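Only one structure is covered here, and it is reproduced in the block below.
Protein chains: 2
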Amino acid sequence: MSGKERLPVTGAQGGLLRLVATGQAESRAELARLSGLAASSVSLRVEELLEARLLVEEGSGTSRGGRRPRRLRLAPSAGLLAVADLGAHHVRLGLLDLSGTPLAVEERACDITAGPETVLDWMADAFDDLLRTHAPPGVPLRGVGTGIPGPVDPASGRVVGPSRMPGWNNYPVADQLGARYDLPVLVENDANLMAVGEARSWPGSDNLMVLKAGTGIGCGVIVNGRLHRGRGAAGDISHVRVRTDSSVMCACGHPDCLEAYASGAALMAALAEAGVAVDRPADIVGLVNDAVPEATSQVRNAGRLIGEVLTVLVNFFNPDVIAVGGSLSAAEPLIAAIRAAVYERCLPLATRDLEIAPARAGQDSALLGAGALLLDAVL
Amino acid sequence: MSGKERLPVTGAQGGLLRLVATGQAESRAELARLSGLAASSVSLRVEELLEARLLVEEGSGTSRGGRRPRRLRLAPSAGLLAVADLGAHHVRLGLLDLSGTPLAVEERACDITAGPETVLDWMADAFDDLLRTHAPPGVPLRGVGTGIPGPVDPASGRVVGPSRMPGWNNYPVADQLGARYDLPVLVENDANLMAVGEARSWPGSDNLMVLKAGTGIGCGVIVNGRLHRGRGAAGDISHVRVRTDSSVMCACGHPDCLEAYASGAALMAALAEAGVAVDRPADIVGLVNDAVPEATSQVRNAGRLIGEVLTVLVNFFNPDVIAVGGSLSAAEPLIAAIRAAVYERCLPLATRDLEIAPARAGQDSALLGAGALLLDAVL
DNA sequence: GTTACTTCCTTCGATATCGAAGTCAAAGGG
DNA sequence: CCCTTTGACTTCGATATCGAAGGAAGTAAC
């Protein structure tokens, strides 16, 4: 993360603006409760933010038994964020306002193997396109962020030892974007962004795991409401050894990695061998819905293997929620099999209040997550 | 945790006092740096704390190139904490000053199966003994805490579903201690306390796992410098399924739990079967040091199994440190086998800066941890 | 309609914090 | 030795925050 220009706010104002932007607070009273500031101080700061045209007052909210609150909203003209979610073959691009609401989202084909210079330049051009076509006039861009389908060193914004991204190793992604934009820049692993985006859909749950079941298997971890990065590699579960009868060598050099059995790529390979050819992992969901036996049994087996890995993590981490996203998550047998494995084997204490459910935030969750993290950099 | 009386400090004073108590700061300048307060504000607050006789000025520290700092210490008369670490057959009892330094520690035999009323009353009597014999006159007791060898619900201070503690299930431990002391009371799982105590010995490491290898296998997790509780059960790894040839049923009702193979209890049973009888898990260390082949091979195997479980957690959680404590940790082959398994199988990115080492805090780590957590409740 | 109560928000004097400037006390270099 | 530099505090006026009190605007019950 790097960046220079920030919103023209001082100390306490930033915190208040953030509470409004994230939707946690809609009135001065809520701001006072959540920020811990005195109600009088909140009123003063809000007055300044209204003056600065970063907030607007808009009608009134619903009464909670007394006077109705005056509803506060982020001014539409406060700023924009340009965010991307880079995948192996596609990119999702989005333009968000500062509250994280998408103004425009589009998906384009993009070959990540073309190398970082090409892809990032192309991405920046696409951002410029989006801004030209969808940005209201006079609204400034405040930040730029992208998700990367591989490990990212959070401090330097570099890609570190990615598996399917030739030419990207150790490339300073954040620096290059920063050179073009002179704004706060965010570069983060895609599963981590997805976790942050998803977390907003689970208010009250401070500890969650977000599983991304697509071509690969990714996982993002939210601890105490914040993204857990560890030393930059946290959340990786794809190269955990699973208990199986057969033995398969994974690309990482170890035998019997979860990814070699339960990823979308592995499922596609197994189905092809059984005579059922599909192009993309998402197509497997269609096969399952059409009750193609090979597909259902493969997906169920993948769910069981994933679930067995999760048992360890559930006992250890004891999350409130496991949200399952990614293109395979639409296959019901997958989640059913995960649930079965976890609930059977985990400690009752750990599963007592555990919810295992499909992700709620939808396809844009990584974009929303990028917006949420960028907001922290902007304020 | 419950409690009423606190130290007579207001807002900012508490934070400063804590920084001194935890040893993070020794001078006004350090307090200013760490607290984020202005140097002038720090001086004012420190003046008040000196006035209140909670801090004392004591000589001067070493210069960092300029004027020497005036060293600040917690006043010995600021208060005491009474803490205990309840085990299956023994209790360690300690009297700490507010900076967590033990004034007195002793270990007594104690049968936890006697039930909570008996044990807790006995414990309180033991605290009173300690206070009579070792407390300087006029120094008030500020808090009471104990570790429990089983799961504890952090909110209510109750024991929840313990395995080897008949009669304790759902017992309101915190309430009973609170009824006798009218002070802040802390009740926490023993491995968690150990983790908190150990964390202080690893400055700069914000994410650590502390493994307790004794009669059972426990684990405490520090995330971002703070104890991770999850929903109250976090850190449990003893009932994770391990990969083995044979199949053993665990007391929890599932086959092949880690505890059934790698705990001190399991090792003792296996050694007895091989004709080598020992009384306590700690005795196994002696056998290993005497190069008794059965013992060494059993311990090494236990280390391998523990290490294989840790691989999953290292990839997922990506800690800075895994500290191994408990009575078995003195056996070098145990840690060596853990290291071998983790370094062989984990992602290089995850093990790049990972340190796997014996616990540094020694036998009193749980007592120190109880002191550290109590300090938060007291300030 | 009247009364009681709740919640939202503002006013205003008391208090806490900040930060720039200054003092104090050491280390290090000719 | 004297000077410069560095860091550790203090002083003091400017600023931000607090909190008690009160007005504003609603709900709920009778």
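Chains as they are written, first to last, in this note's numbering: chain R, 1 to 379; chain E, 380 to 758.
We put the beta carbon where it would ideally sit given N, CA and C, even for glycine.
The structure displayed is predicted, hence computed values, not measured ones.
| query | result |
| --- | --- |
| Within the same chain, show all residues whose beta-carbon is closer than 8 Å to that of Arg-432(E), passing over the 5 residues directly before and after it, in chain order. | Ala-454, Ser-456 and Ala-457 |
| Does the separation of the CB atoms of Ala-458(R) and Gly-303(R) fall below 8 Å? | Residue 458(R) lies beyond the range of chain R shown here (1 to 379); nothing can be said about it. |
| Asp-490(E): buried (16+ other C-beta within 10 angstroms of its C-beta) or exposed? | exposed |
| According to a CB-to-CB cut-off of less than 7 Å, which residues of the segment 87-98 of chain R neighbour chain E? | none |
| What does Gly-614(E) reach in chain R if we use C-beta pairs closer than 9 Å? | Asn-315, Phe-316, Phe-317 and Asn-318 |
| Just the chain R side, please: which residues come within less than 8 Å of Thr-690(E) by C-beta, in chain order? | Val-240 and Arg-241 |
| If you measure from the beta carbon of His-607(E) to each beta carbon in chain R, is any gap under 8 Å? | yes |
| At a Cβ cut of 7 Å, what residues of the segment 146-180 of chain R count as close to chain E, listed as they run along the chain? | Pro-151, Val-160 and Gly-161 |
| Given that Val-223(R) touches chain E, what residues does it touch there, using C-beta distances under 8 Å? | Val-602, Asn-603 and His-607 |
| Report the option in Gly-705(E), Ile-735(E) and Val-721(E) whose CA atom is closest to the CA atom of Ala-745(E). | Gly-705(E) |
| Drop a sphere of 10 angstroms on the beta-carbon of Thr-441(E), count the other beta-carbons inside from all chains shown, and report buried for 16 or more, exposed for fewer. | exposed |
| According to DSSP, simplified to helix, strand and coil, what is Asn-360(E)? | In this structure chain E extends from 380 to 758, so residue 360(E) is not present and cannot be described. |
| My output table needs one value for Arg-718(E): the three-state DSSP class, helix, strand or coil. | helix |
| Return the residue from the list Leu-386(E), Gly-665(E) and Phe-695(E) that minimises the CA-CA distance to Val-518(E). | Leu-386(E) |
| Between Pro-102(R), Ala-104(R) and Gly-87(R), which lies nearest to Ala-114(R) when the distance is taken from Cα to Cα? | Gly-87(R) |
| Determine the chain R residues that contact Arg-724(E) at a beta-carbon separation under 7 Å, and present them in chain order. | Arg-241 and His-254 |
| Got a sec: is the Cβ-Cβ distance from Met-380(E) to anything in chain R below 8 Å? | Confidence is the limiting factor: at Met-380(E) the pLDDT is only 41, short of 50, which leaves the residue's position unreliable and the question unanswerable from this model. |
| Taking C-alpha atoms, which residue in Leu-754(E), Asn-694(E) and Ser-406(E) lies nearest to Leu-258(R)? | Asn-694(E) |
| If I measure Cβ to Cβ from Leu-80(R) and keep anything under 8 Å in the same chain, skipping five residues before and after, which residues do I get? | Leu-95, Leu-96, Asp-97, Leu-98, Leu-103, Leu-131, Ala-135, Val-139, Pro-140, Leu-141 and Arg-142 |
| How would you list, in chain order, the residues of chain R whose beta-carbon sits under 7 Å from the beta-carbon of Asp-732(E)? | Arg-231 |
| Using 8 Å as the Cβ pair cut-off and three pairs as the minimum, do the segment 406-420 of chain E and the segment 232-241 of chain R touch? | no |
| Evaluate contact between the segment 747-756 of chain E and the segment 569-577 of chain E, counting only Cβ atoms and requiring at least three cross-stretch pairs below 8 Å. | yes |
| Which partner residues of Glu-486(E) appear in the DSSP bridge assignment? | Arg-471(E) |
| How would you call Ala-381(R), buried or exposed, if buried means at least 16 neighbouring beta carbons within 10 angstroms? | Nothing can be reported for residue 381(R), as the shown portion of chain R is limited to 1 through 379. |
| Check the Cβ of Asn-586(E) against every Cβ in chain R and list those closer than 7 Å, keeping chain order. | Gly-230 |
| Any idea if Thr-244(R) is buried or exposed, counting beta-carbon neighbours within 10 angstroms, 16 or more meaning buried? | exposed |
| Just to confirm my understanding: we take Gly-529(E), look at its own chain, exclude 5 residues before and 5 after, and list those with CB closer than 6 Å. What are they? | Val-538, Pro-541 and Met-544 |
| How close, in whole Å, do the beta carbons of Leu-211(R) and Val-324(R) come, if the pair is a contact with beta carbons under 8 Å? | 5 Å |
| Would you mind stating whether Val-248(R) and Leu-305(R) have Cβ atoms separated by less than 8 Å? | no |
| Does the beta-carbon distance from Val-342(R) to Gly-286(R) come in below 8 Å? | no |
| May I ask you to report which of helix, strand or coil DSSP gives Asp-320(R)? | coil |
| Nearest-angstrom Cα distance between Val-378(R) and Pro-184(R)? | 7 Å |
| Let me check understanding here. Comparing Cα to Cα, which of Gly-599(E), Leu-395(E), Glu-437(E) and Leu-429(E) lies closest to Arg-450(E)? | Glu-437(E) |
| Report yes or no: do the segment 32-46 of chain R and the segment 10-20 of chain R share at least 3 C-beta pairs separated by less than 8 Å? | yes |
| Can you find a CB in chain E that lies within less than 8 Å of the CB of Arg-304(R)? | no |
| Could you check whether the Cβ of Thr-572(E) sits closer than 8 Å to any Cβ belonging to chain R? | What sits at residue 572(E) in the sequence shown is Leu, not Thr. No, because no Cβ of chain R sits closer than 8 Å to the Cβ of Leu-572(E). |
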